[in-house]
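S.K.: All the letters of the sequence shown, read from the start, carry residue numbers 189 to 367 under the numbering used here. Glycine included, every Cβ here is placed at the ideal spot set by N, Cα and C. Structure incoming, see below.
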Amino acid sequence: MSRTRFFAALVGLLTAFTLAAPSTATADTQQTLVRTIYYDSSRAAELTSTVEDAVKIWNAGVTSVKLVKGSGGITITTAQNGSAPGTASCVGCTRGQIYFYRNQITSSGASSLRVVVHEFGHILSLNHPSDIGNCAKVMAGGRCQNAQPSSAELAAVQRFWTGRIAAPAPAPHEHAVFA
Ligand SMILES: [Zn+2]
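Right under this line is the structure:
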């Protein structure tokens, strides 16, 4: 084989290998992908550390999605007066807004950590259950202190984000329960 033909064959071999490689890599990536949702708590005011605690609770409970501090995702704002302790702009989404309202958190009788965990629960795909006021579920509202999601709530979030490559379309969310 001449030197030129040898290089042509070598290049051909490398090209074939390079073309074959991406599909294998993509398949591996899809199986192990952990969806990242960025959150910006720079306007969470006195709830900033509570937001960190809520993030730790969710990140410890699920592996298919991870909440990471950063911009371009969910912005968190604490304001004085609103119609509910908290609101989330979407359910099962990677971009949106969470608002917390001081007057409503105070009067709700729920722990502020439970309220924050609840709003992240919406972002992570959860809606309100039918048994409103059940303290064992963070999505059930109520005058409760428990901020630990139930095993069923964690499993639902885990299922929703497993294998989810593209962000789902944001769904409008009318917030009534944590009120
Ligand atoms: Zn809610």
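Determine the direct distance from the alpha carbon of Asn334 to that of Leu312, and round the result to whole angstroms.
M.R.: If you take the alpha carbons of Leu312 and Asn334, they lie about 18 angstroms apart.
S.K.: Just to confirm the assignment, what range does the alpha helix (DSSP H) spanning Val368 have?
M.R.: As displayed, the chain neither begins before 189 nor continues past 367, which places residue 368 out of reach and without an answer.
S.K.: To the nearest angstrom, how far is the alpha carbon of Asp228 from that of Thr236?
M.R.: Their backbone Cα atoms lie some 10 angstroms apart in a straight line.
S.K.: Taking 8 angstroms as the cut-off, decide whether the C-beta atoms of Val256 and Val345 are in contact.
M.R.: Not in contact: Val256 and Val345 (Cβ atoms no closer than 8 angstroms).
S.K.: With 16 as the cutoff for other CB atoms within 10 Å, does Thr275 come out buried or exposed?
M.R.: When all chains shown are included, Thr275 counts as buried.
S.K.: As a quick exercise: from Ala233, Gly321, Ile286, pick the residue whose alpha carbon is nearest that of Pro273.
M.R.: Nearest option by C-alpha distance: Ile286.
S.K.: Check the C-beta distance from Arg290 over to Cys332 and give it rounded, since I have them as a contact under 8 angstroms.
M.R.: Contact doesn't hold; Cβ gap of about 19 angstroms is too wide.
S.K.: In three-state DSSP terms, what is Lys325?
M.R.: It is coil, neither helix nor strand.
S.K.: Tell me the DSSP secondary structure of Gly176 in three-state form.
M.R.: Nothing about residue 176 can be read from this structure; the chain reaches only from 189 to 367.
S.K.: Expressed to the nearest angstrom, what Euclidean distance is found between the alpha-carbon atoms of Ser300 and Leu221?
M.R.: If I take the Cα positions, the gap works out to 32 angstroms.
S.K.: Return the chain-ordered list of same chain residues with a C-beta closer than 6 angstroms to the C-beta of Ile225, the five sequence neighbours on each side being excluded.
M.R.: These residues qualify, in order along the chain: Leu255, Gly261, Thr282.
S.K.: Can you tell me where the alpha helix (DSSP H) with Ile311 in it begins and where it stops?
M.R.: Per DSSP, Ile311 belongs to the alpha helix (DSSP H) from 300-311.
S.K.: For Ile293, which three-state DSSP category applies?
M.R.: The answer is helix: DSSP assigns Ile293 an H, G or I state.
S.K.: Buried or exposed, going by whether 16 or more other CB atoms sit within 10 Å of the CB of Ala343?
M.R.: Exposed is the call here.
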